[in-house]
Amino acid sequence: MPTAVPERPTHLPGESPGALRPSRTRALPRGTVRTAARIGALTLCQAAFMVGIGLLITGPARDVWPMTVEDDASEALERRRTGALDALSWFVSEAGNTLTVIGIALAACLGLILVPRLPMWRQAVFLGGALVLQALVFLVVTESVDRHRPEVDRLDASPPTSSYTSGHTGAATALYAGLAAIALSRIRGPLRKVVCGLLLLVPLMVALARLYRGMHHPTDLVGGLVNGGLSLLIVGRALFTDGTVAAVPAMRPAPAADAGRGAPTAGRTVVVFNPTVTDESACAALRDVLRQHGRTSAEFVETTVDDPGGGQAARAIRAGATLVVVCGGDGTVRAAAHAMAGSGVPLALVPSGTGNLLARNLHLPLSPVAALDAALRGAVRHIDLGHIEGDGLEATHFAAMSGAGLDAAIMENTDDRAKSLLGWPAYVLAGITTLRSPRMRVTIRLDGAPALRRTARMVLLANVGSVQGGLTLVPAARPDDGRLDLLVLDPRGPGGWIRALGALLRGGARTARSTSADTLAADDAGTGVPVEFFTFRRAEFTFETQQLRELDGDPVAPGRRLTAEVRPGALTMLLPSGDG
């Protein structure tokens, strides 16, 4: 039975509190379909170009130099073969073998997603997409162009494909040159050029090995290099330079006073940093970046156990700071954001923690140095904050997510040592042990509409949509839409968990059904569906018993009541340009 998810009630100014508005959904980043269409169109052009060159080589140009001397080159290499060169060429040729390329690509993509603190989905898609694209073009070309392999003793079994183009060379180019491009953007220091140079050398060595082993003509190898290179260019341009797919969620336009304003270039700069995740060498690197942007006298202030960042940020603003750089995890960011809410002073976020939810959803660079540099080159934007309070919980703000139930239990049970050793996967391990946390009863009132009564394992208030590992829990949540989103999770039994996971992976509200507020209020026993989404400006929660609660990943005192409302555009930030 398909998962049914009700539309999320809210009302606009001038509407009655119980009025419903259509559910907002966006499971994929803005511009994904448009980018896919562009890549598809350019791929057709690439295939046509490669086929045209192949037909030219095998047709009108076959009696034109250098095609007329290609056989001579193959025969000359055949005469110079030795046992040692045969073995070496086999080893090099295997670097472009289909199984080798697939294995390295899978390992690289999994590493890009799972290893960094901020999963590098875009880089993984770049690498995998380029490989798939060049393979598709290769198949089209070999079916369209019939070219025999060199008339020499071939050291490998001849595949049933045309000699034009070299599949080994094309795949090696897409893989190793793609890895070189990623390394160029991530590695710093002298090692950067060495690694990139070695990776770029591999497809050239594969091409020479295939030529030596009599498997291709020289122009076939050039065709493979061009095919792999064009694939990288098409996918890379679409993902990284065109700005079709939003690198950062489109932020609300700045007020007139801030419109078009970039990073402030004068005034006092204060860097609030968590010393447990930012050591002296990291501070020195950040200080260098600030100097490069003309901020030569930045003040570095440590957070403490008693003051995780709010007091330091507040004092910086009172002292006249024109920029506050916050270097730490979600707890440090939340404390600073609470102190800076409504001040108009820009916050530059340098992600250094385990979860980094806000940084993850704003698609900030992984490296602290790169994040600061990108921010200082960026512009002023405004994002929403959630204002929350409850019994035993003083009024404060959250920037990413807050909740009660399962998510709070996960945060409570995640060991600090495990987080330092494993990073965000430590939350996954803690989550496995807390899946059987008891169901709770909660009464929910949204924007003054009639109360909803639910059983749930978790209620999650979201200003952003994605969590650790790149999983999107609340697809429609955006940090600049003037609303907060609510996820009510209530799976029952193994089948319920499977349905809940399916609903989340499908983008949640794609399967939404219209339900009136009156109908929801009358359903005191709940809807029986494992996942529900709502959107609101103000929400009140009353739990039947005390529940664990969390704010931006930090456990707070258990309680029975929560009240949350959105503060539109409350936090001024410096974010990288190019967000569309």
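Residue numbers for the sequence shown, in the working numbering: 485 to 1064.
Glycine residues also receive a C-beta, built at the ideal position from the N, C-alpha and C atoms.
Nearest-angstrom Cα separation, counted from residue j out to residue i
i	j	result
Arg508	Ala960	Interpretation of Arg508 is limited by its pLDDT of 40, a score under 50 that renders its predicted location unreliable; no figure is taken from the coordinates.
Leu831	Leu668	28 Å
Ala661	Asp1036	39 Å
Gly538	Val625	8 Å
Ala1009	Asp974	Bear in mind that the predicted position of Ala1009 carries a pLDDT of just 47, short of 50, making it too unreliable to give a figure here.
Ala984	Val958	12 Å
Val710	Ala591	25 Å
Val761	Arg752	24 Å
Ala545	Pro674	45 Å
Ala521	Asp556	44 Å
Ala823	Leu1055	10 Å
Ile894	Arg779	40 Å
Ala993	Pro922	Unreliable positioning characterises Ala993 in this predicted model, as indicated by a pLDDT of 42, which lies under 50. The coordinate reading is nonetheless provided below. For Ala993 and Pro922, the distance between alpha carbons rounds to 25 Å.
Arg937	Thr1029	14 Å
Gly826	Ala797	13 Å
Arg633	His700	6 Å
Ser573	Gly612	26 Å
Leu833	Ala782	15 Å
Met1057	Asp772	21 Å
Thr838	Asp891	16 Å
Ala1023	Leu955	25 Å
His652	Leu774	45 Å
Ala766	Thr880	30 Å
Buried or exposed by the 16-neighbour rule on C-beta atoms within 10 Å, applied to residue i
i	result
Cys593	buried
Ser647	buried
Ile982	exposed
Gln450	Because the chain in this structure spans residues 485 to 1064, residue 450 falls outside the shown range and cannot be described.
Thr582	exposed
Ala531	buried
Glu554	buried
Arg1021	buried
Thr519	buried
Leu1046	buried
Asp814	buried
Asp790	exposed
Arg697	buried
Ser642	exposed
Asp547	exposed
Among the options, the one whose alpha carbon lies nearest that of residue i
i	options	result
Arg1033	Thr753, Glu878, Ala803	Glu878
Pro1042	Thr816, Gly876, Pro1014	Gly876
Ile541	Arg802, Ala665, Pro702, Gly826	Pro702
Ala693	Pro674, Ala664, Ala656	Ala656
Leu971	Val943, Leu623, Glu578	Val943
Leu683	Ile671, Leu663, Leu695	Leu663
Ala803	Gly815, Val817, Val829, Val789	Val829
Phe1017	Ala940, Thr1029, Ala1054	Ala940
Asp640	Leu623, Leu936, Val576	Val576
Gly543	Thr1056, Val719, Val629, Ser765	Val629
Pro852	Leu561, Arg670, Gly587	Arg670
Ile523	Tyr696, Ala858, Gly720, Thr584	Gly720
Pro1014	Ala935, Ala608, Arg976, Gly587	Arg976
Leu620	Val785, Cys529, Leu774	Cys529
Met924	Leu561, Glu559, Arg1044, Ile586	Arg1044
Anticipated Cβ contact below 8 Å, residue i with residue j, distance rounded
i	j	result
Leu968	Ala1048	7 Å
Met534	Gly707	7 Å
Asp868	Asn947	6 Å
Leu659	Ala768	The pair is not a contact, with the Cβ atoms about 36 Å apart (cut-off 8 Å).
Gly870	Leu945	6 Å
Ala888	Phe1027	7 Å
Lys770	Leu856	Here the sequence assigns Leu to residue 770, which means Lys is not the residue at that position. That belief holds up - the Cβ atoms of Leu770 and Leu856 are roughly 6 Å apart, short of 8 Å.
Own chain residues within Cβ distance below 7 Å of residue i, not counting five before or after
i	result
Ser1061	Arg861, Gly862, Ala863
Gly793	Val756, Thr787, Val810, Gly812, Thr816, Ala819, Ala820
Asp570	Leu639
Val686	Ala579, Ala656, Tyr660
Gly966	Asp868, Val1050, Pro1052
Ala1102	Since the displayed the chain opens at 485 and closes at 1064, residue 1102 lies outside it and no answer follows.
Val1040	Leu877, Arg1033, Glu1034
Val679	Ala667, Ile671
Ile586	none
Neighbourhood of residue i by C-beta, 6 Å cutoff - its chain only, sequence neighbours within 5 removed
i	result
Asp704	Ser647, Tyr648, Thr649, Ser650
Leu723	Arg606, Phe610
Gly654	Gln618, Phe622, Gly708, Asn711, Gly712
Val951	Leu957
Asn1072	Any question about residue 1072 goes unanswered here, given that the chain covers just 485 to 1064.
Gly980	Pro1014
Leu561	Tyr696
Residues near residue i in its chain [Cβ-Cβ closer than 8 Å; skip 5 each side]
i	result
Met689	Val576, Ala579
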